[in-house]
Structures are given as C-alpha cells and as structure tokens.
Amino acid sequence: MTEIAQYVADHADDYVADLTALLKIPSISADSNHKGDMTKAAEWLKARFEAAGLSSEIVPTAGHPIVTAEWCEAEGAPTVMIYGHYDVQPPDPLDLWTTPPFEPDIRDGKIYARGATDDKGQMITHLFGVEAWLKTEGKLPVNVKFIIEGEEEVGSDNLDKYLEEHKETINCDVAVVSDTSQYAPGMPAITYGLRGITACEVTLRGPSKDLHSGMFGGTVANPLTGMSQLLSRLHDLEGRVQVPGFYEDVLELSPEEREEFASLPFNEQEFCEELGVESTFGEAGFTTIERRWARPTCELNGIFGGYSGEGPKTIVPSFCTAKISCRLVPNQNAEKILSQLEVFLRENLPAGLMMEFKTYHGCPAALVDRNSPYLAAARQAISTAFGTEPVLIREGGSIPVVGAFREILGIDTLLLGWGQDTDNLHSPDEHFDLGDFQRGIAASAELWKTLSGI
Ligand code: BES
Ligand code: ZN
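Given below as structure tokens:
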C-alpha cells in the first residue's frame, strides 16, 4: 500500500466525523427559510478546504454562494476542476424518515441523512483525496480547482454566469464530478451520458374564488376537471408522449449501445421489488434500462388545487396547478420542447378556463467522450481503489453544469459516481454506504496520480 493509500485508510473515522458535521447543516436551496444554513455550509467547506491545505473563497452570487478552492503549484501538469454541490433537496415528507434528515445516523454501515449521497458525501471524497496528498507528500501531481455550488438542485442558474465571467481564469483540462451512481454494489461505473431536463408549471383558472358547488356547480367550468382532461392527453396508454414533435430530434441508440445495455446484469423483478411496484411501465419498444437512460419522458411532478384537507368540502375550486418536467436525451432542445408542450396544452385547453404557463430551469442532455485519455485514467484509478474494473453506463438524472462545462469551458467531464441507485436520493431515508464513501476517497487519491501522466 502506498503511503497515501495508508493515510486514507488510517483516517476513515475522521472522514465520517467530518461528513457528519456537514450533513447536520440543513442547506436546502429551494427553501428561503434556509438561506442562513446555505452560508453556514459554505463557510464550513471553506474552513475545511483551508485545513486541507488549499486556498479557498466564498463567492457571492445573486442566489446562494459558490465555494471555490485550489492548489495550483504543479507546474506543467494538467489542471483538474472538481465540481460538486453542497445544497440538498427538501427532506419532505418528514414522517417517512426513520431518523431525522439532519441528524445523521449510522445503521448497517450506511450513513442516513439528507445529502448523504447527493451530493455532500460524494463531493467531499475529493477534498479528502486531495488532502491525503498534501498531508503526506506536501504536494499534488496535478493542479486542482474546486467549484462547489449551492444551487444544483434548483437549476444552477448562477453557476453558468460565474463560468461565463471567469472562463479565462478557470482554464482547466478536464472536470471531475461525483454525483452519480455505481451500476450496482461491487460494480463501480463511469457514466458517459446523462439526460437533460426542462420544467414548467401550468395553472388553469376558473371562477375568481372557490364557489359553493350546489349553488354554482354546473354553471361554470371546474379547473380540476379541466386539468384532468388536459393532462390525460399528454400520454397514450403505453406511456408514449403525445405532444407533436416531442420525439423528432431524439438521437436514437446505436445497435452497439443497445447491446451494451443489454449485456449489463439486470433483474426486472428485483427492480420492481425495490421500487414497490407490481411491474414496470413505459414507452413500448424499449427495455427498462433504455427507457431510463436514453428515452425522453414527460412527467407530472405534482397537482394541486381545490380542497384536500380532512373530510368533504363541496366547492367548485377556483384554480388547479400542475408541475411538469421532461427528461431530455441528446439532440433535444429544452426551449423547443417547452414551447411544443405549451402549444399542445393551449390547443387542448378545455372550454371556460384560462391557462397560465410558467417555465422553470432547463439543461440539455450530456454525452462525454468514451475514448479520452482522461476516461482511461479514471478507469485505472477506480480499478485500483475498488479492486474491479468500472463498467461504462449512461444515467437518467441531470447535472446541468456538465453541458455548461463543454459549452462554456470546452472541457469534458468525468462522471465518477460512488453512490448506488438504491441510496434514496430525493427521497426519505437517503443514505450512503460508508464502504463506498471510503473507496471513493481512495479512488480520488489515486486519480490525481493517474491523471498526472496525461
Ligand atoms: N445527483 C443528481 C443527478 C443524478 C442522480 C444523476 C442520479 C445521475 C444519477 C442531481 O443532484 C440532481 O438531482 N439533479 C437534478 C437537476 C435538476 C433539478 C435541474 C435532477 O436530475 O432532477
Ligand atoms: Zn446531486
């Protein structure tokens, strides 16, 4: 074992203690009540980067601050940007957590807390991987620049501005992101494709206030009925999206990719059991893995309006709102999809109602070069730390900044996920396996060496 690997092994308990401290800070970017916690998390990170031997800054933005940190004394060596996010999703519904989301609890070798895997636990592996070099060798074989943002879970709007404004000085060769998953326990992966996303909110308005359904029912259109009729037109019964043009730009999977996907071990029944469903469902003609990684979707995320409290209430509600998001695949354009969706909804708007359409964040899908020397270096580092070769996969989630790195900085991203699909990200009881955490740190420490040879 190298001195660095030994250092990483010797500090396993300290790493867990540090992660626990960070997980205790409820840095929920979507909730303005937690603005102070966002600053607290940023300050915690800055102090920890400095303790590791890097220079670090908190960069204010129009939203939540970005934390940067760097060590750039390896003259002539490649410069690696490491991206992660310290913001987390809201923890709701709280009553479904076994232990409170911001009181980290270790059970069965896993740490449970909001942000455990997405992304605090994964992101911080690189801080520790870098620190191991600085504390043992006093230097790194590559230059490193960390950019840790606080708005990933709400669309990364201000990060794009930061990258645009600093593109001359950032000057990196490749980006490293650990915010994805392994293929399965004991099967580490490098992700070469992510889906994009685009989101909106539709409100149908009827009467200016809720009305007595006996006095007025039957005289005006009901926004909930109208919304049900409208939304039911979005898909056919096999799950294919009915918005005209929705699939027209889709980059179809090559026969080779379909074969590769099919060669990965996948048990449909175990998949269903894990998700608590009787069977899978979705667009006909594609396997579950294909639909998940490489087919676009249009998903209803929430519908509200009318009365949903206890007991009956006889009203004609005044409005109904639906939140909709589409996952996009390579070649699809977020703005185009949203405008096609808006046109479709307006054309099918039931009589007697008014429609408002509000657009949210969007980002295109990402595909990275599978044959780059950087990917080969990552493969080698993961093989050493995990004791087995990683598989190449695509994933269905979105990381907006990956496209921005390519467009704004002209660099590729290495998506090196240490998590598992079963870690409950965005759900109650989110967790991160401490074995994966430790192997992630070991792989990070190894990566700086394998990347230095390029
Ligand atoms: N870490 C996830 C993305 C992810 C999860 C990628 C699993 C691959 C596998 C990330 O934090 C996330 O949730 N992103 C959001 C982005 C959106 C809010 C713009 C997403 O995918 O919903
Ligand atoms: Zn994430």
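Residue numbering for the sequence shown follows the numbering used here, beginning at 1 and increasing consecutively. Each residue gets a CB set at the ideal place from its N, CA and C atoms; glycine is no exception. Just so we're clear, the structure is a prediction, and the values are computed from it rather than from any experiment.
Quick check on residue i: does DSSP put it in helix, strand or coil?
{"i": "H11", "result": "coil"}
{"i": "I411", "result": "coil"}
{"i": "I147", "result": "strand"}
{"i": "R439", "result": "helix"}
{"i": "M215", "result": "helix"}
{"i": "M38", "result": "helix"}
{"i": "A47", "result": "helix"}
{"i": "K209", "result": "coil"}
{"i": "E164", "result": "helix"}
{"i": "G387", "result": "coil"}
{"i": "T20", "result": "helix"}
{"i": "K139", "result": "coil"}
{"i": "N33", "result": "helix"}
{"i": "R295", "result": "coil"}
{"i": "G193", "result": "strand"}
{"i": "M187", "result": "strand"}
{"i": "L204", "result": "strand"}
{"i": "D157", "result": "helix"}
{"i": "E446", "result": "helix"}
{"i": "A221", "result": "coil"}
Return yes when the C-beta of residue i is under 7 Å from any heavy atom of the ligand ZN, and no when it is not.
{"i": "D179", "result": "yes"}
{"i": "E50", "result": "no"}
{"i": "E347", "result": "no"}
{"i": "D436", "result": "no"}
{"i": "D423", "result": "no"}
{"i": "E152", "result": "yes"}
{"i": "D92", "result": "no"}
{"i": "D118", "result": "yes"}
{"i": "H235", "result": "no"}
{"i": "H85", "result": "yes"}
Note down, in chain order, each residue of its chain lying with its Cβ closer than 6 Å to the Cβ of residue i, except the 5 sequence neighbours on either side.
{"i": "G458", "result": "Limits of the chain in this structure are 1 at one end and 454 at the other, which puts residue 458 out of reach."}
{"i": "E389", "result": "S383"}
{"i": "S478", "result": "Past the edges of the chain, shown from 1 to 454, lies residue 478, and the structure says nothing about it."}
{"i": "G282", "result": "G239 and R291"}
{"i": "F437", "result": "G121"}
{"i": "L341", "result": "V243"}
{"i": "C298", "result": "L234, V241 and C326"}
{"i": "M123", "result": "G84"}
{"i": "V130", "result": "V144"}
{"i": "T280", "result": "T288"}
What I want to know is whether the C-beta of residue i ends up closer than 7 Å to one or more non-hydrogen atoms of the ligand BES.
{"i": "E335", "result": "no"}
{"i": "S427", "result": "no"}
{"i": "S398", "result": "yes"}
{"i": "D13", "result": "no"}
{"i": "L264", "result": "no"}
{"i": "E57", "result": "no"}
{"i": "I408", "result": "no"}
{"i": "G76", "result": "no"}
{"i": "H361", "result": "yes"}
{"i": "E299", "result": "no"}
{"i": "G129", "result": "no"}
{"i": "G155", "result": "yes"}
{"i": "E430", "result": "no"}
{"i": "E290", "result": "no"}
{"i": "L194", "result": "yes"}
{"i": "I454", "result": "no"}
{"i": "E270", "result": "no"}
{"i": "I395", "result": "Before going further, note that residue 395 is Glu rather than Ile in the sequence given. It does: the Cβ of E395 is within 7 Å (strictly closer) of some heavy atom of the ligand BES."}
Near residue i, what residues of its chain come up, given a Cβ to Cβ distance below 8 Å and the 5 sequence neighbours on each side ignored?
{"i": "L23", "result": "F102, P104, I111, A113, R114, G115, A116, K120 and G121"}
{"i": "P65", "result": "M38, T39, A42, I58, V59 and G150"}
{"i": "I411", "result": "M81, C172, D173, V174, A175 and F405"}
{"i": "A377", "result": "L447, T450, L451, G453 and I454"}
If I measure Cβ to Cβ from residue i and keep anything under 7 Å in the same chain, skipping five residues before and after, which residues do I get?
{"i": "Q242", "result": "R233, L234, H235 and D236"}
{"i": "L251", "result": "V329, P330 and N331"}
{"i": "A442", "result": "A5, V8 and A385"}
{"i": "P185", "result": "Q420"}
{"i": "P141", "result": "A74, A77, W448, K449 and S452"}
Going by Cα to Cα distance, which pick from the options is closest to residue i?
{"i": "N222", "options": "C72, I454, M354 and V402", "result": "M354"}
{"i": "H166", "options": "L328, L45, D423 and I408", "result": "I408"}
{"i": "A322", "options": "D37, G226 and D173", "result": "G226"}
{"i": "P428", "options": "L94, E57 and A17", "result": "L94"}
{"i": "I82", "options": "T191, I399 and H126", "result": "H126"}
{"i": "R258", "options": "P317, E270, Q269 and G285", "result": "G285"}
{"i": "W133", "options": "M187, D210 and W71", "result": "W71"}
{"i": "V16", "options": "N158, R439 and L253", "result": "R439"}
4-residue-minimum alpha helix (DSSP H) runs that sit fully inside the stretch 252–288, ordered along the chain:
Segments of the alpha helix (DSSP H) lying fully in the stretch 252–288: 255–263 and 268–275.
Return the chain-ordered ranges of every beta strand (DSSP E) run that is complete within the stretch 93–133 and spans a minimum of 3 residues.
As far as the stretch 93–133 is concerned, its whole beta strand (DSSP E) runs of at least 3 residues are 105–107 and 110–112.
Unbroken beta strand (DSSP E) runs of length 3 or more, entirely within the stretch 352–382: which are they?
Correct list: 354–363.
Unbroken stretches of the alpha helix (DSSP H), 4 residues or longer, contained in the stretch 309–333
Segments of the alpha helix (DSSP H) lying fully in the stretch 309–333: there are none.
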